[in-house]
Every structure is written in C-alpha cells, then in structure tokens.
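Single-structure report; data block below.
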Amino acid sequence: MANKREFPLDKTRNIGIVAHIDAGKTTTTERVLYYTGKVHKIGETHDGASQMDWMDEEKERGITITS
1 MANKREFPLD
11 KTRNIGIVAH
21 IDAGKTTTTE
31 RVLYYTGKVH
41 KIGETHDGAS
51 QMDWMDEEKE
61 RGITITS
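Residue numbers (the UniProt record's numbering): 1 to 67.
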C-alpha cells in the first residue's frame, strides 16, 4: 500500500528568498509564516524569537546562519 501524503504534491510550492545581508529576508519569512497561518506569532530577529533563527549563535548575533 502506498503512503498517502499529508499535503498533496500538486499543492506544494517551494520558494526561495535571496537578498543582500540585512535586507529583511528573515523578517519577510516570519511574515509569510504568520499570514499563511503556520505560526501564531511573528518572531522578531532582534528579540531572538524568529522561527528561522533557532541556533544559539543566530539568536546571539541577530543573524540567520542556516536556511
């Protein structure tokens, strides 16, 4: 029996956000997650509360290292 996907592949979209340092990529990503209902609170980079910045070094430095 084949595994049924939770989200159908034809409904899946992958996007990439590419920009210069401090251009607002993480801020944009946080808003996308919030407005699409994936998170219930907008995380702020300067507070160390963004979804994208989960490593301690990212929170300390206020930058996103991994993607």
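Beta carbons are placed, not taken as given, at the ideal position from N, Cα and C, and that holds for glycine. All values derive from a computational prediction rather than experimental measurement.
**Q.** Whole-Å CB distance - residue 64 paired with residue 36, under 8 angstroms assumed
**A.** Contact doesn't hold; Cβ gap of about 19 angstroms is too wide.
Q: Check residue 56 in the structure and name its three-state DSSP category.
A: helix
Q: Work out the CA separation of residue 22 and residue 61 for me, nearest whole Å.
A: 12 angstroms
Q | Contacting residues, own chain, Cβ-Cβ under 7 angstroms from residue 17 (five flanking each side not counted) | A | 25, 28, 29
Q: Return the first residue and the last residue of the alpha helix (DSSP H) that residue 30 is part of.
A: 25-35
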